[in-house]
Every structure is written in C-alpha cells, then in structure tokens.
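Undergrad: Just passing along the structure, written as structure tokens.
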Amino acid sequence: MVQPLTESIALYNGVEIPKLGLGVFLMKDEDELVEAVKAAVEIGYRHFDTAKIYGNEEYLARGLKESGISREEIFLTSKVWNYDQGYEQTKLAFQETLDRLDTDYLDLYLIHWAAPKYVETWRALVELYEEGRVKAIGVSNFQIHHLEELKKQELMQPMINQIETHPEFPQNELHEYMEENGIIHEAWGPLGQGKTDLFNQPVIVELAAKYSKSPAQIILRWHLERGEVIIPKSVHANRIKENSEVFDFSLTAEEMEQMKSLDTGVRYGSDPDDQERLEQSSIRPEETK
Ligand code: NDP
C-alpha cells in the first residue's frame, strides 16, 4: 500500500482534517461505490464525504469494511438532510446515520443546507459535539448572513463550511469572511461537477503542460493554494489516483492571479437562499403522502 494522504488542516478545536477526501455524491450503484472506496483506500485516501440524502451511507460502510482499514484511520463526514432538521429530529437522524455507517462516532457532521430550522439543528449538533459523539461540527451551503445568525446564538461557531467552489465560482467574499472567522473552507464540486468546460480553458491547459499535470490536477491544486479542503468524486480508480497526485507541485502567486480570469460568478448548484426549495425539501416524505 502507498503512503496515506495525510496532509491535513487543523480545525479551530485542533482536530485535523485531511485536505483530500473522496466525495460519493451520485454513487448510487453499491458495487461501484464499494470498488471506488477500496481503490481510494489503497491509493491512500483517508477521508470520505457522504450525506444521508445520497442514500449510500451503508455502501460506504461496506466499502470501508472490505478495504480492511480501521475506523480510527478514517475521517468520516456525513450531513443532516433538510427534512430531518430541528433539535429532536436531528438527534434521531444522527443516530440513524451512525447505524448506517456502522460506527459509533463521526469525525464531522454538517448541516446540509440552511433549511428553516437550521438554528435549532445547530443546537443539536453542538450537544452531539459536547457529548463526544462527533469530533467536529460544521455547516454546508451557508451564506454570510446564515453564519452571522449562528454567531448571534452565542453557541460554538461552525468549524467548516462546505460550499460549491471551483475557479468559475470561487466565492471570494464568503472565502474571506470564513478566513477572518476561523471557519475552514471545504469545496464541493471542486472540479465543476463535470458541468463545465473548465478542463479546456487555455489558462488551465497551459499550466497543465507546464507542470506535466492534467487539467483536473491544476484545478485541485488551485483549491489547495487557497487553503481549501477538497473532496473530488470519481468512480474510476485511475481518476481517483490522478486526483490524489496534487501534493508534489504548487502554483505561483502570478498563476493564481491568472486563474482569476475564469471567475464567472455563476453557480451550477442550487442557490442557498432559494427559500421555496428549502421549504419544499424540509417536508418529511411521509407528510407528502
Ligand atoms: P466534482 O467536482 O467532484 O466532479 C465530479 C465529476 O467529475 C464526475 O462526473 C467525475 O466523473 C468527474 N471527474 C472526477 N475526477 C476527474 C478527473 N480527474 N478527470 C476528469 N473528470 C473527473 O463534483 P461533485 O458534485 O461530486 O462534488 C464532490 C463531492 O462534494 C460530492 O461527491 C459530495 O461528497 C460533495 N457535495 C456536497 C454538496 C453539498 O451540498 N454539501 C453538493 C454536491 C457535492 P467519474 O465519476 O465518472 O470519474
């Protein structure tokens, strides 16, 4: 087995999160996911990102078990879905996630979106953290105003905010706010989710040639230069490996400056302030029948 990919960032409570993880969104085929996870562990990945709504927590547990890796060597993240939010419901959802993942603790638990009950949900996460059932807590898809609202509660602050980020949508204002407030920036869709033409952009193609790297590797390195945690998803072992080979070179300040030309300010994912979507997705499935 190769060396584990252990480069990490310390959260404000001292917990270390590996800078690179494997995202498993849209991995719906159990055997495919299991094979991807086993390949990732073999390559050296020690960080995995799932969510209740992905419907694959059990598959991830199987992949990790079959890989033979021990629980303590893995950094495991999951997220509470919108219709599970609220104080009591979140605690139940957390236990169900633990059961599906076949573990008795999580390394990181996130509020998936700032759905209407996110403040009560945060209270539940703080308690789970204080009880030692999760090593770190954070949020996802939170805007500055959501983070400010949490600040007013005078509880702990999130350690991480996982948000859509790629060179076309760098989220500079939110990035700076998080830096000032000690919240680590974790990028979802770090490669643009396969929805962009980023890989063919001349700036990226030129840098790829200069460093003998692929466009994907240049993009992932761009995230790392910004101090972000990355969780690229792939079901292909060769790409999982490619995405891990980003720790042996760096981009200069000038090259980072050139990459700024790719910023279109347009997101591919949902708008975190789309209240109608947040309300709709907060209705529990049994209540819609
Ligand atoms: P990514 O930006 O990671 O892109 C994934 C796509 O890129 C897939 O189509 C994959 O294809 C392809 N790909 C991966 N590596 C390469 C490569 N080296 N060269 C070319 N193509 C490549 O998008 P995701 O949406 O998956 O984001 C990553 C993770 O972030 C998710 O898996 C999930 O864990 C998390 N996430 C969180 C969200 C949130 O709301 N908090 C929302 C969305 C994602 P293939 O698999 O066929 O190789």
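Position 140, counted from 1, in the sequence shown is what our numbering calls 162; the numbers after and before it change by one each time, with no gaps.
By construction, the Cβ of each residue, glycine as well, lies at the ideal position given by its N, Cα and C atoms.
So what does DSSP say about residue 101, is it helix, strand or coil?
TA: strand
Undergrad: Could you work out which residue in 185, 93, 92 is closest to residue 135 when comparing CA atoms only?
TA: 185
Undergrad: What's the C-alpha gap between residue 261 and residue 176?
TA: Their Cα atoms are separated by approximately 43 Å.
Undergrad: Sort out for me which residues DSSP pairs residue 40 with in a bridge.
TA: 30
Undergrad: State the start and end residues of the unbroken alpha helix (DSSP H) segment that holds residue 240.
TA: 237-247
Undergrad: Within the stretch 38-82, note down every full beta strand (DSSP E) run reaching 3 residues or more, in order along the chain.
TA: Runs of the beta strand (DSSP E) lying entirely within the stretch 38-82, each at least 3 residues long, are 38-40, 69-71 in chain order.
Undergrad: Find out if the Cβ-Cβ distance for the pair residue 218, residue 190 is shorter than 8 Å.
TA: yes
Undergrad: Could you tell me whether the stretch 90-108 touches the stretch 121-140, using the rule of 3 or more Cβ pairs below 8 Å?
TA: yes
Undergrad: Based on Cα-Cα distance, which residue from 28, 264, 179, 123 lies nearest to residue 144?
TA: 179
Undergrad: Could you tell me the boundaries of the beta strand (DSSP E) in which residue 141 lies?
TA: No beta strand (DSSP E) contains residue 141, which is instead part of the alpha helix (DSSP H) from 140-152.
Undergrad: With a threshold of 7 Å, establish whether the CB of residue 313 neighbours any heavy atom of the ligand NDP.
TA: Since the displayed the chain opens at 23 and closes at 311, residue 313 lies outside it and no answer follows.
Undergrad: Leaving out five residues before and five after residue 61 in sequence, what residues of the same chain have Cβ atoms less than 7 Å from its Cβ?
TA: 259, 262
Undergrad: When you compare the CB positions of residue 26 and residue 164, do they come within less than 8 Å of one another, or not?
TA: no
Undergrad: Identify which residue in 272, 207, 116 has its Cα closest to the Cα of residue 230.
TA: 272
Undergrad: Does the beta carbon of residue 255 fall short of 7 Å from some heavy atom of the ligand NDP?
TA: yes
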